[in-house]
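In the working numbering, the protein residues as written are 700 to 857.
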């Protein structure tokens with residue numbers, strides 16, 4: 700648990716740092732992947748890593764639950780717009796993993812995807828006390844959230 704009493708672990712058996720590649724990849728590479736469409740199963744992977752159900756990912760990324768569930772059931776690719784939002788969320792988790800690598804926090808005691816899920820749902824002073832999750836439904840909103848995280852790392856957090 701972290702200082703706020705929130706669990707820092709999930710039942711997800713993924714590898715620590717597995718999302719960092721999404722932050723380190725070029726924007727062109729991510730744009731190409733979004734254009735092809737990511738597999739709907741990526742929603743499940745991200746949700747598990749975050750310790751959250753699929754419905755949480757649907758809500759945060761503003762996906763129609765019926766459409767997302769249909770695509771999951773049929774193992775379809777998501778639209779470029781949906782793919783961009785999933786990749787953006789993975790990129791934000793990756794940013795936190797990269798921040799962690801550069802910090803003094805022992806990575807084995809910190810679960811970046813779960814931390815991101817918890818942080819997204821907390822009011823943020825830099826957003827006028829709105830929750831960062833409210834901005835995750837668009838790429839521009841995700842860029843705003845990334846910027847706030849980068850400010851936190853640099854100590855310029857407002």
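Each residue gets a CB set at the ideal place from its N, CA and C atoms; glycine is no exception.
Distance between beta carbons of residue j and residue i, contact taken as under 8 angstroms
i           : j           : result
residue 742 : residue 765 : Rounded, the Cβ-Cβ distance is 14 angstroms, inconsistent with contact.
residue 729 : residue 835 : That pair is no contact at about 16 angstroms.
residue 787 : residue 841 : 4 angstroms
residue 745 : residue 789 : 6 angstroms
residue 739 : residue 774 : 7 angstroms
With 16 other Cβ atoms within 10 Å as the buried cut-off, status of residue i
i           : result
residue 839 : exposed
residue 735 : exposed
residue 752 : exposed
residue 720 : exposed
residue 801 : exposed
residue 785 : buried
residue 819 : buried
Between the CA atoms of residue j and residue i - distance to the nearest angstrom
i           : j           : result
residue 776 : residue 831 : 26 angstroms
residue 851 : residue 825 : 10 angstroms
residue 779 : residue 814 : 27 angstroms
residue 796 : residue 757 : 23 angstroms
residue 737 : residue 749 : 18 angstroms
residue 823 : residue 811 : 18 angstroms
residue 771 : residue 731 : 21 angstroms
Host alpha helix (DSSP H) of residue i (start-end)
i           : result
residue 727 : 726–735
residue 723 : 719–723
residue 761 : Per DSSP, residue 761 belongs to no alpha helix (DSSP H) and is neither H nor E.
residue 744 : 740–749
Would you mind listing the alpha helix (DSSP H) stretches within the stretch 782–854 that are 4+ residues and don't spill past its ends, in chain order? Under the rule that a run must span 4 or more residues, the alpha helix (DSSP H) segments found entirely inside the stretch 782–854 read 811–819, 838–853.
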